[in-house]
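Peer 1: My questions will all concern the structure given below.
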Ligand code: HEC
Ligand code: HEC
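Residue numbers (the working numbering): 9 to 205.
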């Protein structure tokens with residue numbers, strides 16, 4: 009009897025103190041557990057230590073979710089490895105990971121860049137890419153601080169696509185622009201983004 013009372017008192021106290029708290033803690037823990045599947049390649053906090061995997065910290069949640077879902081889709085986003093990895097996670101889990109990584113700040117790795125190339129890349133960015141890659145408030149994909157080899161690889165991959173086969177108007181436009189750029193232009197752009205915070 010006595011024991012029961014104490015138990016009830018503790019139970020009540022727990023309910024009062026932790027009712028709003030416990031679920032958040034649990035959600036956090038499982039987001040971290042999920043994220044542990046990613047950090048080997050994307051860096052301990054989603055800021056990649058390079059060279060093959062991109063940084064995924066600080067990415068807008070909506071873009072993160074879009075990319076993960078597109079990796080899972082047949083004929084979706086091109087990938088070497090993420091297609092297979094993304095298939096292992098359901099929508100709820102993708103959402104939790106997106107929440108987790110988007111809340112972490114993107115930090116710049118201090119990559120080696122060439123000043124002249126940065127200036128050349130800045131011009132190309134202003135003229136050709138800025139419209140779609142500079143406003144996080146408008147769901148833009150932000151390339152600043154991204155890993156250089158990844159930037160070069162994705163620009164290459166996109167430039168190889170057949171523009172007519174692309175459904176998204178924006179991506180179609182971009183692919184056409186990327187096809188017009190020389191290798192040196194692309195290197196300059198990669199240096200420019202890598203130099204940005
Ligand atoms: C074995 C290494 C590896 C692991 C593990 C891994 N990734 Fe990736 N990730 C990559 C590579 C490489 C790319 C570039 C696309 C590709 O070629 O697959 C990428 C791309 C991405 C992108 C797109 C980034 C961008 O800006 O376009 C997201 C988002 C992402 N990964 C999320 C995750 C999440 C979430 C996990 C954990 C569940 C994870 N990755 C685990 C290697 C990895
Ligand atoms: C009309 C809009 C538009 C323009 C202009 C544009 N892009 Fe993009 N870009 C996009 C969209 C949308 C995506 C996402 C594509 C996807 O996830 O399949 C993207 C993705 C990328 C990526 C892949 C990075 C990542 O993390 O997903 C790179 C690199 C890139 N763009 C570089 C450029 C460069 C360099 C230019 C200028 C020469 C440019 N883009 C111009 C819309 C645009």
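Glycine residues also receive a C-beta, built at the ideal position from the N, C-alpha and C atoms.
1. Whole angstroms is fine: what's the gap from residue 194's alpha carbon to residue 153's?
2. Alpha carbons only, please: which of 180, 45 and 198 is nearest the one belonging to residue 108?
3. Count the other CB atoms within 10 Å of the CB of residue 64; is the residue buried (16 or more) or exposed (fewer)?
4. Run through DSSP, which three-state label would residue 186 get?
5. Determine the DSSP secondary structure at residue 40, reduced to helix, strand or coil.
6. Residues in its own chain within less than 6 Å of residue 106 by CB, not counting five upstream and five downstream?
7. Using a Cβ-Cβ cut-off of 6 Å (strictly less than) and excluding sequence neighbours within five positions of residue 54, which residues of its own chain qualify?
8. Give the single residue among 58, 42 and 40 whose Cα lies nearest to the Cα of residue 155.
9. Kindly list the residues whose CB is nearer than 7 Å to the CB of residue 95, restricted to its own chain and excluding five residues on each side of it in sequence; keep chain order.
10. Cutting at 6 Å between CB atoms, please list the residues of its own chain near residue 151, excluding the five before and the five after it.
11. For residue 118, count neighbouring C-beta atoms within 10 Å of its own C-beta (all shown protein chains included) and say buried if the count is 16 or more, exposed if not.
12. Whose CA, out of 170, 99, 75 and 61, lies closest to the CA of residue 39?
13. My output table needs one value for residue 21: the three-state DSSP class, helix, strand or coil.
Peer 2: In short:
1. What you label residue 194 is simply residue 186 of the chain shown in a count that begins at 1. What you label residue 153 is simply residue 145 of the chain shown in a count that begins at 1. Their backbone Cα atoms lie some 16 Å apart in a straight line.
2. Against the chain shown, residue 108 aligns to sequence position 100. With distances taken between Cα atoms, residue 108 lies closest to 45.
3. On the chain shown, position 56 is the one that residue 64 refers to. Buried, because 16 or more other Cβ atoms sit within 10 Å of the Cβ of residue 64.
4. Translated into positions along the chain shown, residue 186 becomes position 178. Note: residue 186 maps to helix in three-state DSSP.
5. Translated into the one-based positions of the chain shown, residue 40 becomes position 32. It is helical.
6. In the chain shown, counting from the first residue as 1, residue 106 sits at position 98. Excluding sequence neighbours, residue 106 sits near 69, 72 and 73.
7. Reading the chain shown from its first residue, position 46 is the one you call residue 54. Excluding positions up to five away in sequence, the list reads 64, 65, 109 and 112.
8. Taking the chain shown and counting its residues from 1, one reaches residue 155 at position 147. Measuring from the Cα of residue 155, the nearest candidate turns out to be 58.
9. By one-based count along the chain shown, residue 95 stands at place 87. Around residue 95: 80.
10. The sequence position of residue 151 within the chain shown is 143, counting from 1. Same-chain partners within the cutoff: 141 and 201.
11. In the chain shown, counting from the first residue as 1, residue 118 sits at position 110. With fewer than 16 other Cβ atoms within 10 Å, it is exposed.
12. Here the question's residue 39 lines up with position 31 in the chain shown. Minimum Cα distance to residue 39 is reached at 99.
13. Residue 21 sits at position 13 when you count from the first residue of the chain shown. With a pLDDT of 47 at residue 21, under the threshold of 50, the modelled position of this residue cannot be trusted; read the value that follows with caution. The answer is helix: DSSP assigns residue 21 an H, G or I state.
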